[in-house]
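Report on one structure; see the data block that follows.
Protein chains: 4
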Amino acid sequence: MSGIGERIQQADWKKEKHAPVIHCPDAVVAGQAFEIKVNIGEEIAHPNTTEHHISYITVFFHPEGEKFTYQVGHFEFSGHGEAVAGPNQGPVYTEPSVVAMMKLSKPGTLHAVSFCNIHGLWESEKEIKIAA
Amino acid sequence: MSGIGERIQQADWKKEKHAPVIHCPDAVVAGQAFEIKVNIGEEIAHPNTTEHHISYITVFFHPEGEKFTYQVGHFEFSGHGEAVAGPNQGPVYTEPSVVAMMKLSKPGTLHAVSFCNIHGLWESEKEIKIAA
Amino acid sequence: MSGIGERIQQADWKKEKHAPVIHCPDAVVAGQAFEIKVNIGEEIAHPNTTEHHISYITVFFHPEGEKFTYQVGHFEFSGHGEAVAGPNQGPVYTEPSVVAMMKLSKPGTLHAVSFCNIHGLWESEKEIKIAA
Amino acid sequence: MSGIGERIQQADWKKEKHAPVIHCPDAVVAGQAFEIKVNIGEEIAHPNTTEHHISYITVFFHPEGEKFTYQVGHFEFSGHGEAVAGPNQGPVYTEPSVVAMMKLSKPGTLHAVSFCNIHGLWESEKEIKIAA
Ligand SMILES: [Fe+3]
Ligand SMILES: [Fe+3]
Ligand SMILES: [Fe+3]
Ligand SMILES: [Fe+3]
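Protein chains in written order, with the UniProt record's numbering: chain A, 1 to 132; chain B, 1 to 132; chain C, 1 to 132; chain D, 1 to 132.
Here's what the structure looks like:
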């Protein structure tokens, strides 16, 4: 079995508009809330139309040296100009960017997975340490 | 039919920890991206444990004078200390707060609905104008 | 505050293609798994195109005489013919129908809420008893 | 970058209770609706408690020989006995099983990914042909 992992695309976000960018501290204090921002198209904007858009970003955390991965959040961007009058005539567009707030008690890796409705799954990751 | 609307609770967020608080400008420029922050427990913190937590916030927009409501986003907070070692032993907690980015071309009302896994559905709303 | 409840539309599913139809037993045995099917467009089919489709159905349960409502499930239909080649050229369509499996230990009301990306929120409900 | 793919676990569902089982025809008629059932714990039941449960199943489709993957659906199981009275005292349990209805116009691979709140991500896949 090859697995869905082979279908999750990776790329340098400075060159590829689908790659999620994870913004958070390199090290955090255990049990203290911190902000994580994940966005798509930071260098090259991704389209946001009824026919082509980023549907969601899911964030996971894998603690260093452990077996199982946790989910941090699943963030859906629902407005893409849909309307009774026709595509891209509607009053609402939601941009592919989210800021969440989280706490960690162990070091590990944050994984962000995004889904473009026509260009599929993309991912990026960032290590995070626990400050001494 | 009474409807689910009767089950969506409303309260003053300064007195009730479940009521979502919507932070956004009172007026925005048509087609220009702006931030919306929605959080729970701004005045009185809500618990965040494996057994009791805020599962998600969904944001809707109803254009003034129109018939249909649009969805802006659905934001799930997935980490609540779950772990193989037992409840509240896990390394990840996601706080019930989200910042999204959106564009509007019409005035209307933003609605935020949140769900506590044991205290059910809660809502709040905020009018938003289009700046001249 | 008027509330999102006023924006959740109700209609007879035999005449209105958006109204969800809830199929489940009228009475179930406490703690015994049973199937619930919820679908849209049972009598009059709803379109399923890139520009116009049912995005999801959420199911809630309110125990008779209690204060808080529980969520049973949230079921998203993601395929609507989207493709790089253009709208409605893609290989996947997901129909607005779901069968889930659940257990209850109290009587109450099942609520189904569906969202059409251009015609907004719709709901229906069905009482369910616990068999003696 | 190692990628989230390395964290998505694979196993024989006859021996491992987390592995999703995909039930659908081996071949379908192009453009004709068919049922797909995905469930967890078909041979060995998975726990369903407030502290330990299957949160969701997401289904993807990758058309044979193509570059991008599509999402079919995302199905969340929300009831796990949560209650004000304490964990596992609530009236609702949602079992990790879903039946959806879909159409395909190309052959390819269906991927199911499930998430256990303490044992992480699991996947399985099934090839599907277009009947002549
Ligand atoms: Fe794209
Ligand atoms: Fe609560
Ligand atoms: Fe519609
Ligand atoms: Fe498990």
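The C-beta atom is built at its ideal place from N, Cα and C for all residues, glycine as well.
Pair within 7 Å by beta-carbon distance, residue i and residue j
i	j	result
B/P107	B/E64	yes
C/N88	C/G79	no
A/V98	A/F61	no
C/A100	C/G73	yes
D/A83	B/I130	no
C/K103	C/G31	yes
B/Y93	B/N48	yes
B/E123	C/I44	no
D/K37	D/H23	yes
C/S105	D/P91	yes
B/E51	D/T109	no
B/A33	A/E66	no
B/T58	C/R7	no
For residue i, the three-state DSSP class (helix, strand or coil)
i	result
C/E6	helix
A/I54	strand
C/C116	strand
A/I44	coil
D/V99	strand
C/K15	coil
D/T94	strand
C/P82	A small fix is needed here, since residue 82 of chain C is Glu in this sequence, not Pro. Looking at C/E82 - three-state DSSP - the assignment turns out to be coil, as it is neither helix nor strand.
D/V29	coil
For residue i, the residue or residues it bridges with in DSSP
i	result
D/P63	D/G108
C/F77	D/G73
B/P20	B/I40
A/F34	A/M102
Residue i Cβ short of 6 Å to ligand 1 heavy atom set
i	result
A/H62	no
beta-carbon residue i near ligand 3 non-hydrogen atom, thresh 6 Å
i	result
A/H80	no
C/H119	yes
C/C116	yes
Short CB-CB distance (under 7 Å) between residue i and chain G
i	result
B/A27	Absent from the structure is chain G; the protein chains it does hold are A, B, C and D.
(message) Pairs of beta-carbons, one from the stretch 7-24 of chain D and one from the stretch 104-118 of chain D, closer than 8 Å: are there three or more?
(response) yes
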